[in-house]
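Protein sequences, first through last, are from chains U and L. Per the numbering used here, the first sequence starts with residue 69, numbered consecutively. Per the numbering used here, the second sequence starts with residue 94, numbered consecutively. Glycine residues also receive a C-beta, built at the ideal position from the N, C-alpha and C atoms. Quick notes on the structure that follows.
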Amino acid sequence: MSLSVKHLLGIKELTVNDIEQIFITADNFKGVLNRSIKKLPTLNHIAIANIFFENSTRTRISFELAEKRLGADVVNFSASGSSVSKGETLIDTVHNILAMKVDMVVMRHSASGAPWFLANHIDASIINAGDGANEHPTQALLDAYSMREKLGDLKGKRVTIIGDIMHSRVALSNIFCLNKLGAEVTVAGPPTLIPKHIESLGVRVEYNVKKALEWCDVANVLRIQLERQHKPLFSTLREYAQYYGVNKQMLDSLAKDIIIMHPGPINRGVELTSDVADSKQSIILDQVENGVAIRMAVVYLLSGSGKRDGIEKIG
Amino acid sequence: MKTLLNNDQLNITLLRLAHQLVENHLSFRDSVIIGIQPRGILLSDRITQIVKNITGNNNIDYGKLDITFYRDDLQTRNEIQVPSFTDVNFSIASKSVILIDDVLHTGRTIRSAMDALIDFGRPKKVELLVLIDRRFSRELPVQPDYTGHTVDTILTQKVKVYWQEKDGKDEVVLLDKQ
């Protein structure tokens, strides 16, 4: 049993079977992470480079811990303070890192599609840790895994994704992943932050956050990505918080207790008020915990794939 | 194909193995049984049940260990293996552990199992029980403490253990692989 892909570039390329396999493997690693000795010798023959051209706290630490818990050797690279600022190209940078005998590359890049470009040029397995506004596959996997832990099978479950849908790679990967697992998805937020024709991905659109919350079992609340908005798309953060932020009164007025998720980093008081982020309904820290197990599963399942020929399937 | 143990012989052997365990561990107060996934647990399920019947002690600690992540052939195998479940929800520190697997061949599985086991704590002692010992094919210095049946085989042959619960019959056969 292996994944149908050599790289984890996007959820779009995964089969339902791949996702199930990642979840089953993650269950095992979650068991390991709850033991007193959390380190496995499994990948002690593998070296992994974490190449981050964009800022990250959670994803980067989570990947690094996952790799180390599997026994792999890890090197970290961030664009600031590297030769990228001296004008080195992406391919040159990666070729140089691979020349030092690295077997797998975890990359975050601000350009959408960068991991696909890389996959066409190098042999090592690539894991996309977020590319521009396109995909963030491990986040979607850990989100769906966390939802499943609380709700069981996701078939027919209702998930609302609220916020900056337009610039969010988390939103896109989540939509692909939840669709594959049979959940229904609504996206909600101001019209300027919801891309046109997003219905063609099989999601509902709702501009009224209260209505969207009434409809769903899970609300995945996203951060406003000001760094990707090159022209103003809403007047002020205060106004956004007023109309599209999720607060406690709103949650208490719903007929049932819905689950609140957030991929982090949270802008407290903007998309979520503090009392919601810290409430019993919030599983934000479970998401972070599950992230390590999911990333261990992905790294483990892809670790043997570099040796396989002929089954390469990239976008 | 040659039958090594038929239904009756297999069940008599299981009874003997269980009695040998009881002989050495008496009440099982400081002893635990751990079966190795995936096929070893079919044997350990049976043995544990018989031991419970003999001793009348229904609280014997019994766990299941998956060794996928501890294998030494991950870099040479082409297929990545999806693991089975590990279920050891008790402390093995200072306990006598009885490791159970169906067939002992090269000894590599047992080596991995001991590594996996030690990550759960420091047992006082580890013993090995196997149903079939493929003698003279060892690649590591591993020997069983309790053996159901010893057999001389060559590398191309395969020992297959069938269980009523899973395969619809109790039988052990030696297959000549093409």
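Bridge-paired residues (DSSP) for residue i
| i | result |
| --- | --- |
| Thr96 of chain L | L:Val266 |
| Gln250 of chain L | L:Asp269 |
| Asp199 of chain U | U:His177 and U:Glu203 |
| Ile119 of chain U | U:Phe145 and U:Met175 |
| Asn288 of chain U | U:Ile229 and U:Met329 |
| Leu197 of chain L | L:Asp226 |
| Leu76 of chain U | U:Ile195 |
Contact set between residue i and chain U, taken where Cβ atoms lie within less than 9 Å
| i | result |
| --- | --- |
| Asp208 of chain L | Pro109 |
Range covered by the beta strand (DSSP E) that runs through residue i
| i | result |
| --- | --- |
| Phe145 of chain U | Asp141 to Ser146 |
| Gly128 of chain L | Ser124 to Ile129 |
| Ser153 of chain U | Here Ser153 of chain U belongs to no beta strand (DSSP E), and DSSP marks it neither H nor E. |
| Lys157 of chain L | Asp154 to Leu158 |
Cross-chain neighbours of residue i in chain U, by beta carbon under 7 Å
| i | result |
| --- | --- |
| Val175 of chain L | Met69, Gln89, Ile92 and Thr93 |
Distance between residue j and residue i (C-alpha atoms, nearest Å)
| i | j | result |
| --- | --- | --- |
| Asn196 of chain U | Lys299 of chain U | 27 Å |
| Gly383 of chain U | Ala182 of chain U | Because the pLDDT of Gly383 of chain U is 30, which lies under 50, any placement of that residue in the model is unreliable, and the question is left without a value. |
| Thr157 of chain U | Ile119 of chain U | 13 Å |
| Leu268 of chain L | Val367 of chain U | 37 Å |
| Leu322 of chain U | Arg226 of chain U | 15 Å |
| Lys375 of chain U | Leu166 of chain U | Low confidence applies here, because Lys375 of chain U scores a pLDDT of 47, under 50, leaving its location unreliable; read the following figure in that light. Near 15 Å, if we compare the C-alpha coordinates of Leu166 of chain U and Lys375 of chain U. |
| Tyr255 of chain L | Leu103 of chain L | 10 Å |
| Arg306 of chain U | Ser130 of chain U | 32 Å |
| Leu133 of chain U | Leu136 of chain L | 37 Å |
| Gly200 of chain L | Arg231 of chain L | 6 Å |
| Tyr155 of chain L | Pro131 of chain L | 15 Å |
| Lys248 of chain U | Asn146 of chain L | 48 Å |
| Asp343 of chain U | Glu88 of chain U | 34 Å |
| Ile193 of chain L | Val125 of chain L | 11 Å |
| Val253 of chain U | Ser151 of chain U | 42 Å |
| Asp191 of chain U | Thr169 of chain L | 18 Å |
| Arg227 of chain L | Val244 of chain L | 5 Å |
| Gly257 of chain U | His204 of chain U | 20 Å |
| Gly220 of chain U | Pro176 of chain L | 21 Å |
| Pro452 of chain U | Asp86 of chain U | Limits of chain U in this structure are 69 at one end and 383 at the other, which puts residue 452 of chain U out of reach. |
| Met172 of chain U | Ile362 of chain U | 16 Å |
| Ile160 of chain L | Leu209 of chain U | 25 Å |
Residue i in three-state terms, based on DSSP
| i | result |
| --- | --- |
| Tyr311 of chain U | helix |
| Val338 of chain U | coil |
| Val271 of chain U | coil |
| Val235 of chain L | coil |
| Ile190 of chain U | coil |
| Val190 of chain L | strand |
| His113 of chain U | coil |
| Gly133 of chain L | helix |
| His118 of chain L | helix |
| Val244 of chain L | strand |
| Asp212 of chain L | coil |
| Asp180 of chain L | strand |
| Ser70 of chain U | coil |
| Arg296 of chain U | helix |
| Val170 of chain U | coil |
| Ile302 of chain U | Per the sequence presented here, residue 302 of chain U reads as Phe, with Ile not at that position. Phe302 of chain U falls in the coil class under three-state DSSP. |
| Leu360 of chain L | Residue 360 of chain L lies beyond the range of chain L shown here (94 to 271); nothing can be said about it. |
| Val344 of chain U | helix |
| Gln349 of chain U | coil |
Bounding residues of the alpha helix (DSSP H) (the contiguous stretch that carries residue i)
| i | result |
| --- | --- |
| Arg216 of chain U | Pro205 to Leu219 |
| Val100 of chain U | Val84 to Leu101 |
| Gln355 of chain U | Ile352 to Ser371 |
| Lys248 of chain U | Arg237 to Lys248 |
| Thr254 of chain U | First-last for Thr254 of chain U: Glu252 to Ala256, but that is the beta strand (DSSP E), not the alpha helix (DSSP H). |
| Glu282 of chain U | Val277 to Trp283 |
| Glu130 of chain U | According to the sequence provided, residue 130 of chain U is Ser. The question's Glu does not apply to it. Per DSSP, Ser130 of chain U belongs to the alpha helix (DSSP H) from Arg126 to Arg137. |
| Glu220 of chain L | Here Glu220 of chain L belongs to no alpha helix (DSSP H); instead the beta strand (DSSP E) covers Lys218 to Arg228. |
| Gln257 of chain L | Gln257 to Asp260 |
| Leu39 of chain U | Lying outside 69 to 383, the shown extent of chain U, residue 39 of chain U is not represented and no answer is given. |
| Leu319 of chain U | Lys316 to Asp320 |
Listed by chain order, chain L residues near residue i by CB distance under 8 Å
| i | result |
| --- | --- |
| Arg103 of chain U | Asp212 and Phe213 |
| Ser371 of chain U | Leu167 and Ile173 |
Interface residues of chain L facing residue i [CB-CB closer than 7 Å]
| i | result |
| --- | --- |
| Gly99 of chain U | Thr179 |
Neighbouring residues, chain U, relative to residue i (Cβ below 8 Å)
| i | result |
| --- | --- |
| Asp159 of chain L | Asn96 |
| Tyr163 of chain L | Leu108, Pro109 and Thr110 |
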